[in-house]
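Novice:
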Amino acid sequence: MTAARTSSVIANVVLFQAGWFACVLGAANGLPWLGSAIVVAIVAWHTQRMNQPLVETKLIAIAVLLGAAWDSVLVMLGWIAYPAGSLIVGAAPYWILALWALFATALNVSMRWLKQRPWLAALLGAICGPLSYWAAARLGAADFVEPLQVVTALAVGWAIIMPLLMALSCHYDGYASTQAVAQ
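In this note's numbering, the protein residues as written are -17 to 165.
1. Report, in whole angstroms, the separation of the C-beta atoms of A(-14) and Y64, which I expect to be a contact under 8 angstroms.
2. Mind checking which residues open and close the alpha helix (DSSP H) that includes N11?
3. Taking just the CA atoms, how far does E38 sit from A141?
4. Suppose the cutoff is 6 angstroms on Cβ atoms and the five residues either side in sequence are ignored; what does the same chain contact list for C152 look like?
5. Among I42, A43, L69 and L41, which one has its Cα closest to the Cα of S54?
6. Evaluate the contact criterion for the region 82 to 89 versus the region 120 to 137: three or more CB pairs, one atom per stretch, below 8 angstroms.
7. Please go through the same chain and pick out, in chain order, the residues whose beta-carbon is closer than 8 angstroms to the beta-carbon of L105, but skip the five residues on each side of it.
8. Taking the Cβ atom as the reference point for each residue, do A137 and A108 lie within a distance shorter than 9 angstroms?
9. Helix, strand or coil for D155 per DSSP?
10. Put A63 into one of helix, strand or coil per three-state DSSP.
11. State the start and end residues of the unbroken alpha helix (DSSP H) segment that holds P35.
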């Protein structure tokens, strides 16, 4: 890995973690707009640095739409509740959608190594997806109304979502050189 690529991966990981904490702690403290604004800035910076910003933006938009549908189903089922940031009753709050956008910024950079490993992506999704939501709940940004159902759904859902997003990131790779990207 080149020094430039290494620094991009490190920046991506650091900004992802900063954005995650900003959204979760903002929501937990009644300021969901603050974390969302920080994530918008991170996503804008990320796309601006891409070799193909439009391609990367398409991946981010797809991830946000997928996340909006997935998290809204969990809310509508009554398995998870969010105390702040909901603009539409029964839908995922906007700060969760910001997290989906933020997550998408990692697909072609720090999670690039997972692209050709769908089974590992599924396993990591099944473990790390629920852990991320659990951490958000422990910090006060979410409430597991039905803990067994939501953890099971999150594990199964993320076991499917993660390899799907990795496959999409192969097609929508704004980080790759212009010649390597399929449009």
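For glycine and all other residues, C-beta sits at the position ideal for the given N, C-alpha and C.
Specialist: Taking the coordinates as given:
1. Incorrect: roughly 38 angstroms between the Cβ atoms, too far for contact.
2. Unbroken run through N11: none, as it is neither H nor E.
3. 23 angstroms
4. K97
5. L69
6. no
7. A141
8. yes
9. coil
10. strand
11. P35 to M58
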